[in-house]
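If you count by our numbering, then the sequence shown holds residues 272 to 351, one letter each, in order.
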Amino acid sequence: MALSNIIGPVEQMALTNHPIKSLYFMMVGGPESLTITMVSYMGKLRVGFKTEKGFIDPEKLESSIQNAFEMILKAAQDIA
Numbered sequence: 272m273a274l275s276n277i278i279g280p281v282e283q284m285a286l287t288n289h290p291i292k293s294l295y296f297m298m299v300g301g302p303e304s305l306t307i308t309m310v311s312y313m314g315k316l317r318v319g320f321k322t323e324k325g326f327i328d329p330e331k332l333e334s335s336i337q338n339a340f341e342m343i344l345k346a347a348q349d350i351a
């Protein structure tokens, strides 16, 4: 498994005068069965997942991630 994060710009950037609306990155070419990458851009967090074919059931992974984010949100709201 590989996990990486990058703190991105808080202000909108442009490439040849074309505004960049969002971005993400992914590490490729490694032997990892599961890769999770995170990047923030303009105050929003983007999370990317890459899995080896047959490594995990995609629906189960999606459900687990959704449940985890809901638990994190609830915990943050409870302390606010």
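Where is the CB? At the ideal position from N, CA and C, for every residue including glycine.
On a CA-only basis, which of the options is nearest residue i? Give me that one, please.
i	options	result
S304	S311, E282, I350 and A273	A273
L294	P280, I327, F326 and K345	P280
M313	S335, S275 and K292	K292
N276	P302, D328 and T306	T306
T308	I278, K324, E341 and M342	I278
F296	S334, N338, L316 and K345	L316
For residue i, does the three-state DSSP call read helix, strand or coil?
i	result
K345	helix
I350	helix
F326	coil
K292	coil
I304	According to the sequence shown, residue 304 is Ser rather than Ile. In the structure shown, S304 sits in coil (DSSP, three-state: anything other than H, G, I, E or B).
Taking the straight line between their C-alpha atoms, what separation do you get for residue i and residue j?
i	j	result
M298	V310	12 Å
I350	A339	17 Å
(message) Could you check whether the stretch 282 to 290 touches the stretch 320 to 331, counting it as contact only if at least three pairs of C-beta atoms, one from each stretch, sit closer than 8 Å?
(response) no
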